[in-house]
Amino acid sequence: MVTTQNPASKYYHVGGSLPPNAPSYVKRKADDDLYNRLKVGEYCYVLNSRQMGKSSLRVQIMQRLKNEGFVCASIDITGIGSDVTPEQWYGGLISKLWMGLNLLGKVNLPNWLVDQQLLSPVQRLNEFIKDVILEKVDKNIVIFFDEIDSILKLNFSSDDFFALIRFCYNQRAENPEYRRLTFVLLGVATPSDLIQNKEYTPFNIGRSIQLNGFEAPEALPLAKGLEGKVSNPQAVLEKVLGWTGGQPFLTQKLCDLILKFAEPIPTNNEAKWVDQLVRSRVIKDWESQDDPKHLTTIRDRLLSKQQRIGRLLGLYNKILDSEGNKAGKVIFDDSLEQWQLRLSGLVVKENDELRIQNRIYKNVFGRRWVNNALGEWEPYAKNITNWLASDCQNESFLLREKVLEDAVAWAEDKSLSDQGYKFLIASLRFARREIQTKLVSVEERLKIQNQEHEIVLSTQIKKNQNFLDIFAAERQKHTNLQDELAKKSLTLLETTMNIDKQRNVNQNLIKKINALVYANSLLFLGVIVLSFVQNAFPPFIVILLYSFVVFLSWNYDRVLQYFEGKNKR
């Protein structure tokens, strides 16, 4: 496609708010809704994504209200600053109201602030509304607070500010003067964002104004800018809307791009030409061509909250899957993630369902972009993708051991996508099965070892039993010998008694008998002692002792000779 361009057109307005008399301003249903609500004094809020035309809507409605005799003031919250103290912030807000409501010649603001210095910042604002605005302005007053989401970035709580707005609303029941005062909040926020302290009453006043994209009948003023450039402006505009879904910024930008091209657009081939223009000048290399910033703003908002990236992109993946699948539609449930996706501008609510706002977004922020974004955020995104591609069957992609421990620790303070949680749960279950398998294996090994130990122990017991049987037999022999020795001892005792009577007859015989008695007594006592201590010594020691005693008994004559030799010495 040829890229030669004309100088920038003056018909279309790309970026920023449109002036009241802008020819390309598209009046939508929200224009009349907001105007009619404010005329009857209803508090309103227009909370939507960026570059949806909120500020342009404010400019148009302010002009219409002024034409009806209303006094209007518009306060851009970003102009007060964010790195300020409560005193500075509320002081700046009072100053902007003083100038916006044209009170410069009616009130000496510096002197008034000195008089109120003992009050808290929010009390000073309350007094300024009651004693200055309602006293000095005698007409109906509408105050627009634009970029209201900027107040949420202050380094102090903004709950008191929103509580004061609700206070003014409630004062209408007691003070009729407050019925002349109406507030409008515009910005990128949810109603629940406005008062974050759960102990405060929620910000539940006012009317929500729905600001949707351009419908084909509403967008006809844009076709006028294409006259003389294309043969069928309305057909080209419809093709543009088919790409943008009526998103105001993108619609103005595409119309402006068409008007800038110097070469004439081929007749009866406008649709194909618009397709090529969108793909080459918007979608292709979009990050370098995104001027003024729009797609980049959406991307940054999606990825700004590191703790919730997985949850947001997981939900967005579901919406991508639901396109063309009636059974898989994502129903709007007012959850925080759904609101954040809507405020990014990427998706819109339609018939209680969420859908991607337009074809440009679907092409730029498609499946590949989501996977890449998750890949940069999730340390195991590739595993998830491969696991899901296998219909959650290939367990080789699941995390294990240290990698799984690190992944669980990383995910502790984050909101993951449903697929992310499903993957981690599957990994944990797989790890648990592996541990159970290892435990069973260990139990089996222990069981085998126990069986081996039992066999060894049984063999040892059998060996010990054989030894015990042998020892018992020997013990029985010893017992029999003891009985025999006892009988011999009795006999010897009787003989000794007889010999004692005949001591003078045969002295040598008595000595022999005494020696024999001594030896046998020793044997008897040794056997008796052995019978008591045999369990305290190893079997072979007992046998040795027994053998020694038997030796003494069998060699008593030598013992006798030994004692005789002792007596001679």
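Numbering of the sequence shown is given in the numbering used here, commencing with residue 178 and proceeding in unit increments. Cβ coordinates follow ideal geometry from the N, Cα and C atoms, glycine included.
Proximity of residue i and residue j at Cβ, strictly below 8 Å
i, j, result
"Ile252", "Phe333", "no"
"Ser233", "Tyr202", "yes"
"Arg532", "Val541", "no"
"Ile435", "Leu403", "yes"
"Ser259", "Ser521", "no"
"Leu593", "Arg488", "yes"
"Gln228", "Pro197", "no"
"Lys307", "Lys283", "no"
"Phe600", "Trp546", "no"
"Asp336", "Ala366", "no"
"Lys267", "Val299", "Looking at the sequence itself, residue 267 is Tyr, so the reference to Lys does not match. Taking 8 Å as the Cβ cut-off, Tyr267 and Val299 qualify as a contacting pair."
"Ala340", "Ile320", "no"
"Phe380", "Arg343", "yes"
"Gln429", "Val191", "yes"
"Lys506", "Glu527", "no"
"Ala250", "Gly218", "no"
"Arg384", "Tyr189", "no"
"Leu274", "Ile257", "no"
"Arg427", "Ile537", "Here residue 427 is Leu; the residue named in the question, Arg, does not match the sequence. Taking 8 Å as the Cβ cut-off, Leu427 and Ile537 qualify as a contacting pair."
"Arg478", "Gln466", "no"
Buried or exposed by the 16-neighbour rule on C-beta atoms within 10 Å, applied to residue i
i, result
"Ala558", "buried"
"Thr180", "Low local confidence applies: a pLDDT of 49 at Thr180 is under 50, so the model's placement there is unreliable, and no value is given."
"Gly364", "buried"
"Asn535", "buried"
"Ala396", "buried"
"Phe728", "exposed"
"Lys579", "exposed"
"Ala185", "Unreliable positioning characterises Ala185 in this predicted model, as indicated by a pLDDT of 48, which lies under 50. The coordinate reading is nonetheless provided below. The residue in question, Ala185, is exposed, as its Cβ has fewer than 16 Cβ neighbours within 10 Å."
"Asp315", "exposed"
"Ala400", "buried"
"Leu721", "exposed"
"Gln237", "buried"
"Lys187", "exposed"
"Ile386", "buried"
"Ala650", "exposed"
"Arg606", "exposed"
"Ser473", "The question names Ser, yet the displayed sequence has Thr at residue 473. Thr473 should be labelled exposed."
"Ala393", "exposed"
For residue i: DSSP bridge partner residues
i, result
"Glu530", "Ile508, Glu527"
"Cys432", "Answer is none; Cys432 lacks a bridge partner."
"Glu404", "Val407"
"Leu363", "Val223"
"Phe321", "Ser251, Val361"
"Arg384", "Cys221"
Selection from the options that minimises the alpha carbon distance to residue i
i, options, result
"Glu440", "Arg485, Glu264, Gly405", "Gly405"
"Ala589", "Lys624, Glu555, Asn571", "Looking at the sequence provided, one finds Glu at residue 589 rather than Ala. Taking only the C-alpha atoms, the option nearest Glu589 is Glu555."
"Ser604", "Asp433, Asn560, Gly487, Arg458", "Asn560"
"Asp433", "Leu492, Val455, Gln570, Gly419", "Val455"
"Phe509", "Asp498, Gly193, Leu492, Asn502", "Leu492"
"Arg301", "Pro263, Lys599, Asn494", "Pro263"
"Leu551", "Leu513, Gly597, Gln517, Leu523", "Gly597"
"Val309", "Asn285, Leu296, Thr255, Val291", "Asn285"
"Arg519", "Leu490, Gly218, Ala412, Gln348", "Leu490"
"Lys330", "Gln411, Leu274, Val261", "Val261"
"Ser369", "Ser297, Asp511, Leu274, Asn627", "Asp511"
"Asn657", "Asp568, Leu274, Asp208, Ile705", "Ile705"
"Ile544", "Gln515, Ile496, Ser573", "It is Arg, not Ile, that sits at residue 544 in the sequence shown. Selected option, being the one with the closest Cα: Ile496."
"Asn374", "Gly383, Glu351, Phe338", "Phe338"
"Asn548", "Asn494, Leu575, Lys273, Glu464", "Asn494"
Cutoff 6 Å; reference residue i; Cβ partners in own chain excluding five residues on either side
i, result
"Leu195", "Tyr202, Ser233"
"Glu354", "Leu311"
"Gly422", "Gly390, Gln534, Asn535"
"Asn317", "Phe247, Arg357"
"Phe360", "Tyr220, Ile320, Ile342"
Cut-off 8 Å between Cβ atoms - residues of its own chain near residue i, not counting five sequence neighbours on either side
i, result
"Lys779", "Past the boundaries of the shown model lies residue 779; the chain is included only from 178 to 746, so the question cannot be answered."
"Glu553", "none"
"Thr255", "Glu324, Ser327"
"Glu500", "Arg532, Ile533, Lys539"
Own chain partners of residue i with C-beta closer than 7 Å, once the 5 adjacent residues on each side are dropped
i, result
"Lys416", "Glu447, Ala448, Val451"
"Leu480", "Ile486, Ala550"
"Arg349", "Tyr355, Arg356"
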